Amino acid sequence: MNAPRAALCLGALCAVACGSGRGASTSCVGDTGEACAPPAIAITPEIKARLATLALPKSGPLPPADRTNAFADDPRAAALGQKFFFDPRFSGPLLDEANDGTSGTLGKRGEPGKVACAGCHMPVNGGFVDVRSPREQLSLGSGWTHRKAPSLLNVAQMSFLMWDGRRDTSFSQVFSPIESPLEFNSSRLFLAQQVYRLYRGEYEQVFGPLPSLLDGFAALAPTDAGCSELPKDPLHENCTKAGHDDPAVVRVVVNFGKAISAYTRKLGCGRSRFDEWIDGDAKALTADEQAGALLFVGKGACTLCHSGPYFTDRQFHNLGLGGEVVPFTGVSTVDDPGAAPALAELLNDPLNSKGPYSDGYDGRLDSLPGDLSTLRGAFHTPGLRCVSRRPSFMHNAKYRSLEDMVDSFSQGSSPSGYVGTSENFARNFTNVERSQLIAFLKALDGAGPDPTLLTAPPM
Ligand code: HEC
Ligand code: HEC
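Structural data, given as structure tokens:
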């Protein structure tokens, strides 16, 4: 608890904030030091019904069927995917000189084999976010990423992936980190050859015969896997190798992605105290947290976008978040065009959910607006379950605490530093409302994924 919030918990307010003791983060205890029952907060049936649309059913959260991936629910694919997720041996050399081998970096410049998915989506605290990179804002892989690594909890609920929606299938998403000179700094061919060298037997058990990708192509050494220098525009340029368009090579990378997706779709935040409260356990939320829930659906108007049991409409919105030159990294997040160019690219991508590598199409691309220019500067609405496990917030990691994050909604759009038309507006929260809203967001924490999903399996 930070100082201003502690100071708020005084006198009359303390009586209001008296909690059941379960959401101890913002609640107080009575004068005697005993935890007391929350005073009833007046909630009309209409508001209760609105809140109920945010709750997860008792039967527990289940990922929706994934038509694009025939292996989505194959346990052998998930077991293999878990190995892939933790294995750094698919990555090429580290390029940015910020990689000096000190804590927070994955190794020294020039060293290959250091970057795994788990390097930026870390299972610590079950959050699958980057709490390693210096400052915990942008991620340092081979270089500095230009956006924040999102949490992977409940990722199977999203129809579009990446902050800008650049990917619409989980299997194609892996191409982004693999080929980016800022992340794996690797290539399709090197990845496929490593699968052949290291995982042939296990791969074939799930996906069938694996052609020798060492015949007909030069065998790439780890130091030759990707670029040898950071390209001028590392966001849009990479160092394509032979075999890039070879259907056999692409198929192996796609199957690598399908295995990883079978694993990541098991990662969920789980039910929270908020869901128990909706189920009728009046003491599951403190009075502060209940007041925060009311603000969320009321004055905050948060459910305009954070709707449904995962707190996301799965759409794209412009919040008018001014970018900055991120301290430490030199990366500028000013004027990020977001979804407009990314979705245009996605529509033409052979790896999308309509393309030949997808096992089925569920119509998700048809939900996009005809005129994508309306999505300039828009980003996809992140889900908010387990939000308090994240070290920083927003696509540009602009805010490093929930306090700062809620203040930004209090103030509305930034004056500059973004493109497009902002949908954001000032809420002018009082200090009390601010702490209540934060208390509510923290109450969305759950048990997190099964512990067996949090560790690297023997490889
Ligand atoms: C160097 C850090 C880094 C590494 C390594 C990395 N990621 Fe990411 N990941 C990110 C960043 C940053 C984003 C957001 C990029 C963007 O939106 O432009 C992201 C986005 C994602 C998303 C989209 C989630 C969402 O809700 O939109 C998924 C899924 C994902 N990564 C999975 C993986 C997998 C699987 C691997 C390994 C093959 C991996 N990542 C490796 C940093 C990393
Ligand atoms: C107009 C749609 C919209 C409304 C209304 C809205 N949000 Fe969001 N929210 C978003 C989008 C889009 C993002 C990601 C923005 C970005 O990174 O550019 C976001 C990001 C967030 C994040 C950061 C999550 C993360 O992983 O970085 C939090 C927390 C959040 N919103 C909470 C709230 C709260 C609380 C309210 C109400 C006061 C609210 N939002 C209202 C669309 C909305």
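When we follow this note's numbering, the leftmost residue of the sequence shown carries the number 1490, and every step to the right adds one. For each residue, glycine too, the CB sits at the ideal point set by N, CA and C. This structure is a prediction, so every number in the text was calculated from the model and none was measured.
Judged by their CB atoms, residue 1794 and residue 1870 are nearer to each other than the 8 Å cut-off. Residue 1589 has 1597 as its beta-bridge partners, per DSSP. For a cut-off of 8 Å, the C-beta gap from residue 1584 to residue 1716 is around 6 Å, short enough to register as a contact. Between residue 1897 and residue 1888, the CB-CB gap stays under 8 Å.
When C-alpha distances from residue 1700 are compared across 1776, 1551, 1740, the shortest belongs to 1740.
Annotated as distal: residue 1616 and residue 1791, with beta-carbon spacing of 8 Å or more.
If you look at residue 1609, you'll find it in the alpha helix (DSSP H) that goes 1606 to 1609. Looking from the CA of residue 1623, the closest CA among 1879, 1830, 1816, 1937 belongs to 1816. With 16 or more neighbouring CB atoms inside 10 Å of its own CB, residue 1754 falls in the buried class.
Distances taken from the Cβ of residue 1647 to the heavy atoms of ligand 1 include one shorter than 7 Å. Between ligand 2 and the CB of residue 1895, the shortest heavy atom gap is smaller than 7 Å. Within the stretch 1743 to 1794, the runs of alpha helix (DSSP H) at least 4 residues long that lie entirely inside it are, in chain order, 1762 to 1767, 1776 to 1786. With a contact defined as Cβ atoms closer than 8 Å, residue 1900 and residue 1915 qualify at about 6 Å. Rounded to the nearest whole angstrom, the CA to CA distance from residue 1818 to residue 1633 is 7 Å.
For the set 1821, 1783, 1796, the Cα lying nearest the Cα of residue 1530 is the one of 1783. At a threshold of 7 Å, residue 1881 does not count as near ligand 1, since its beta carbon sits no closer than that to any of the ligand's heavy atoms. Shortest gap from the CB of residue 1644 to any heavy atom of ligand 1: under 7 Å. Partner residues in the beta bridge of residue 1867, as assigned by DSSP, are 1827. Between the alpha carbons of residue 1744 and residue 1696 lies a gap of roughly 7 Å.
The beta-carbon distance between residue 1640 and residue 1604, rounded to whole angstroms, is 19 Å. This is too long to meet the 8 Å contact definition.
Looking at the DSSP output, residue 1633 shares a beta bridge with 1629. Secondary structure of residue 1656 (DSSP, three-state): strand. Per DSSP, reduced to three states, the secondary structure at residue 1897 is helical.
Taking one beta carbon from each stretch, the stretch 1542 to 1562 and the stretch 1835 to 1849 have 3 or more pairs nearer than 8 Å; the two touch. Closest in C-alpha terms to residue 1858, from the list 1844, 1654, 1946, 1726, comes 1654.
For residue 1565, the enclosing alpha helix (DSSP H) begins and ends at 1564 to 1575. The criterion of a C-beta distance shorter than 8 Å is satisfied by residue 1742 and residue 1664.
By the neighbour-count criterion, in which 16 or more other beta carbons inside 10 Å mark a residue as buried, residue 1686 falls on the exposed side. With the rule of 3 Cβ pairs closer than 8 Å, the stretch 1702 to 1711 counts as touching the stretch 1727 to 1738.
Inter-segment contact for the stretch 1720 to 1734 and the stretch 1642 to 1650 is absent: fewer than three beta-carbon pairs are separated by less than 8 Å. In the three-state reduction of the DSSP assignment, residue 1805 falls in the strand class. Secondary structure at residue 1888: strand, using DSSP grouped into helix, strand and coil.
Comparing C-alpha distances from residue 1722 to each of 1671, 1681, 1805, 1789 shows the shortest one belongs to 1671. Residue state for residue 1877 is assigned as helix, using DSSP reduced to three classes. For residue 1920, the uninterrupted alpha helix (DSSP H) segment begins and ends at 1920 to 1931.
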